[in-house]
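Taking it in order: structure first as structure tokens, then the write-up.
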Amino acid sequence: MFAMDATQMYTKIRQLASEFLDCNNRSVSRAHNEAEFERDMNNEITRIATQLGTELLSREQYTLATGRADAVYNRFVIEYESPGSLRNSLGHKHTAHAVQQVKDYIVGLAKEERRDRDRLLGVAFDGHYFIFVRYHEGQWVVEKPLEVNAASCERFLRSLVSLSSGRALIPENLVEDFGSQNLLSHQVTRALYNALDGHQDDLTARLFAQWRLFFGETAGASAAAGELQHKKELRAFARGMGLPGEQVDMPRFLFALHTYFSFLVKNIARLVLQAYAGSGLEAEIDRAAATLWYLREDELADIRASLQELKG
11 MFAMDATQMY
21 TKIRQLASEF
31 LDCNNRSVSR
41 AHNEAEFERD
51 MNNEITRIAT
61 QLGTELLSRE
71 QYTLATGRAD
81 AVYNRFVIEY
91 ESPGSLRNSL
101 GHKHTAHAVQ
111 QVKDYIVGLA
121 KEERRDRDRL
131 LGVAFDGHYF
141 IFVRYHEGQW
151 VVEKPLEVNA
161 ASCERFLRSL
171 VSLSSGRALI
181 PENLVEDFGS
191 QNLLSHQVTR
201 ALYNALDGHQ
211 DDLTARLFAQ
221 WRLFFGETAG
231 ASAAAGELQH
241 KKELRAFARG
251 MGLPGEQVDM
261 PRFLFALHTY
271 FSFLVKNIAR
281 LVLQAYAGSG
291 LEAEIDRAAA
301 TLWYLREDEL
311 ADIRASLQEL
321 KG
């Protein structure tokens, strides 16, 4: 599916809102409890995300310090309730309890993923009402219950999609997205490894020689002299990254791996700086990628496109 712009996305959401409403009504009529309603609606959200060509960063039954959230879609928290259990009054005991749970989950999610509470949104949802909850400028804002209809379903889906991007910059997500088991890490490391072909007496070769010297000082002379070539664990690791474990040049492999992670760390630092310095660092990825001048243009384009995802 082609990538939609914002106008196309919201037009499509308006069309899908009626389908979401139909699914909601069917589930309300047949679901015996909260769990069945939650399952039906999470499945419908997944289906709609596929229709929109968007990938939702979802976690169901997400355990936080403040409790277990039913569903978290990146910065959007959903607290499902049994169909018909909420009321058109925030003073209603069960309704007030559901709202408090949403608040607690927003606090827990902000703490767990080191996010600003103001950038999160929560909703209590029972098939009859949506109750949107957010934290703004030091206080909680709880909207009056909205009846579930085509308009409120459209708003729900717009919120869901708009808050679904931008993974939290925490260790767990970084390992999942860029660790040694991730396909992106494999692709970039192989591209860097293969790009070193043909460099015998130029700047790249001298940088590699300098790296080997520094690596030898850190890991020991025997490692720099080639002992790494025969380490079974490292050969297995190289195979896992998609390189021929028996034939791989191990120092060259580690140089490529270190280059990738060094580049990654610099871009993470850029994101942190950008959070405080505004948008003045927008061009840094392109400028940093351009320093990898020894890559072929297609390899450079692949790496630039992959690392562009860091902009979230």
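To convert, note that position 90 of the sequence shown is 100 in the working numbering; the numbers rise steadily by one, no gaps. Just so it is clear, CB atoms sit at the ideal spot from N, CA and C, and this is done for glycine as well.
Comparing C-alpha positions only, which one of Asp211, Phe218, Leu264, Val151 sits nearest to histidine 196? Translated into the one-based positions of the sequence shown, residue 196 becomes position 186. The option with the nearest alpha carbon to histidine 196 is Leu264.
Would leucine 173 and arginine 97 qualify as a contact pair, given that the criterion is a beta-carbon distance under 7 Å? Sequence index remark: in the sequence shown, residue 173 carries index 163 (1-based). Sequence index remark: in the sequence shown, residue 97 carries index 87 (1-based). Taking C-beta atoms as the reference points, leucine 173 and arginine 97 fail to come closer than 7 Å.
Go ahead and label threonine 17 buried or exposed: buried means 16 or more other beta carbons lie within 10 angstroms of its beta carbon, across all protein chains shown. Residue numbering aside, residue 17 sits at position 7 when the sequence shown is read from its first letter. Label assigned to threonine 17: exposed.
Assumed close pair alanine 79, glutamate 89 - CB separation to whole angstroms, cut-off 8 Å: Here residue 79 refers to the residue found at position 69 when the sequence shown is read from its first residue. Here residue 89 refers to the residue found at position 79 when the sequence shown is read from its first residue. Indeed, because the Cβ distance is near 7 Å, the residues count as touching under 8 Å.
Enumerated in chain order, which unbroken segments of the beta strand (DSSP E) with a length of 3 residues or greater are wholly contained in the stretch 141 to 215? Whole beta strand (DSSP E) segments, 3+ residues: 149 to 152.
Please work out which residues of its chain come closer than 6 Å, Cβ to Cβ, to threonine 105, disregarding the five sequence neighbours upstream and downstream, and give them in chain order. Indexing the sequence shown from 1 puts residue 105 at position 95. Leu96, Arg97.
Bridge partners for phenylalanine 135 per DSSP, in chain order? On the sequence shown, position 125 is the one that residue 135 refers to. DSSP lists Tyr90, Phe140 as the bridge partner or partners of phenylalanine 135.
Alpha carbon to alpha carbon, what distance is there between valine 152 and histidine 146? Here residue 146 is taken as the residue at index 136 of the sequence shown, counted from 1. Here residue 152 is taken as the residue at index 142 of the sequence shown, counted from 1. The straight-line gap separating the alpha-carbon atoms of histidine 146 and valine 152 is approximately 10 Å.
Host alpha helix (DSSP H) of glycine 77 (start-end): The count along the sequence shown starts at 1 and reaches residue 77 at position 67. Taken as a continuous stretch (DSSP letters only), glycine 77 belongs to no alpha helix (DSSP H), being part of the beta strand (DSSP E) at 77 to 83.
What residue does the beta strand (DSSP E) around leucine 62 start on, and which one ends it? Translated into the one-based positions of the sequence shown, residue 62 becomes position 52. Per DSSP, leucine 62 lies in no beta strand (DSSP E) segment; the continuous alpha helix (DSSP H) that holds it begins and ends at 44 to 62.
Rounded separation between phenylalanine 166 and cysteine 33 - CA only: On the sequence shown, residue 166 is found 156 positions in, with the first residue counted as 1. On the sequence shown, residue 33 is found 23 positions in, with the first residue counted as 1. C-alpha separation (whole angstroms): 14 Å.
Through-space distance from alanine 41 to proline 93, alpha-carbon basis: In the sequence shown, counting from the first residue as 1, residue 93 sits at position 83. In the sequence shown, counting from the first residue as 1, residue 41 sits at position 31. Computed Cα separation, rounded: 8 Å.
Just how far apart, CA to CA, sit asparagine 192 and arginine 222? Here residue 192 corresponds to residue number 182 of the sequence shown, with the count starting at 1. Here residue 222 corresponds to residue number 212 of the sequence shown, with the count starting at 1. Looking at the two C-alpha atoms, the distance is approximately 26 Å.
How many angstroms separate the CA atom of alanine 81 from the CA atom of valine 171? Position 71 of the sequence shown, counted from the first residue, corresponds to residue 81. Position 161 of the sequence shown, counted from the first residue, corresponds to residue 171. Linking alanine 81 to valine 171 through their CA atoms gives a straight-line distance of about 14 Å.
Determine the extent of the beta strand (DSSP E) in which leucine 74 is found, giving its start and end residues. In the sequence shown, the residue the question calls residue 74 occupies position 64. Taken as a continuous stretch (DSSP letters only), the beta strand (DSSP E) holding leucine 74 covers 68 to 74.
How should aspartate 136 be labelled, buried or exposed, when 16 other C-beta atoms within 10 angstroms of its C-beta is the threshold for buried? The sequence position of residue 136 within the sequence shown is 126, counting from 1. Here aspartate 136 is buried, its C-beta having at least 16 other C-beta atoms within 10 Å.
Length of the line joining the Cα atoms of valine 143 and serine 162: Within the sequence shown, residue 143 is the residue found at index 133, counting from 1. Within the sequence shown, residue 162 is the residue found at index 152, counting from 1. The C-alpha of valine 143 lies about 14 Å from the C-alpha of serine 162.
Return the Cβ separation of leucine 119 and tyrosine 139 in integer angstroms, given the expectation that the two are a contact with Cβ distance under 8 Å. The residue labelled residue 119 in the question sits at position 109 within the sequence shown. The residue labelled residue 139 in the question sits at position 129 within the sequence shown. Tyrosine 139 and leucine 119 do not touch by the CB rule: their CB atoms are close to 22 Å apart, not below 8 Å.
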